[in-house]
Each structure stands twice: as C-alpha cells, then as structure tokens.
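**Student:** Sequential numbering of the sequence shown, starting at 21, is according to my numbering.
Every residue gets a Cβ at the ideal spot worked out from N, C-alpha and C, and that includes glycine.
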Amino acid sequence: MYVCICNALTHADVAHATTVHGASRPGEVFHACKCRAKCGTCVSVLRELVQQALDATVTPSATPEPAGDAAAPLPAAA
Ligand code: FES
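1. Are L74 and H31 close, meaning C-beta to C-beta below 9 Å?
2. Which residues in the same chain as M21 place their Cβ atom closer than 8 Å to its Cβ, once the five residues preceding and following it in sequence are excluded?
3. Return the CA-CA distance between V49 and C55, expressed in angstroms with no decimal places.
4. State the Cα-Cα distance for the pair L66 and C53, rounded to the nearest angstrom.
5. Could you give the first and the last residue of the continuous alpha helix (DSSP H) run that contains V49?
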C-alpha cells in the first residue's frame with residue numbers, strides 16, 4: 021500500500037529504509053529512498069511507521085527480565 025503518493029513510497033519502502041538504511045525520521049526515509057517530501061501529507065504516517073519499526077527492532081535483551089527467584093521470600097532462619 022502506498023504511504024507517500026507523491027513519491028510512490030510503500031510500507032515496504034519505509035521498512036527497507038528503517039531496517040537497511042537506519043532511517044529514524046521521515047526525512048531520512050526520503051533520503052534513503054532518493055526522494056524528498058513534496059506535499060508533506062505523508063509525514064505523520066511516515067513518523068508512525070518509523071516509530072513502529074524502531075519499536076520492533078528493540079532487542080529482547082533490552083527488555084526487563086522477570087523478577088524470577090529474586091522476588092521470592094528468603095527462607096526462614098533456623
Ligand atoms: S504524499 Fe508524501 S510528499 Fe506528498
């Protein structure tokens with residue numbers, strides 16, 4: 021589906037720009053796709069798609085670990 025009508029950019033183009041070229045802002049998406057904003061109508065959608073792509077690339081190690089045994093009560097002293 022087209023995201024930017026002026027430049028015929030699709031969701032796949034935006035995904036490629038973010039994952040392969042590291043685009044983190046709409047302007048960087050345009051740059052990666054070798055085009056530039058014309059009417060600007062798509063910029064808010066581009067911003068959302070870039071954020072979604074960035075959120076999706078967060079590595080599992082960056083998420084907090086579950087408490088596990090650390091939260092278990094200590095055994096009673098004998
Ligand atoms: S729709 Fe993207 S610049 Fe016009």
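**Tutor:** Taking the geometry as given:
1. no
2. T30 and H31
3. 9 Å
4. 13 Å
5. P46 to A52
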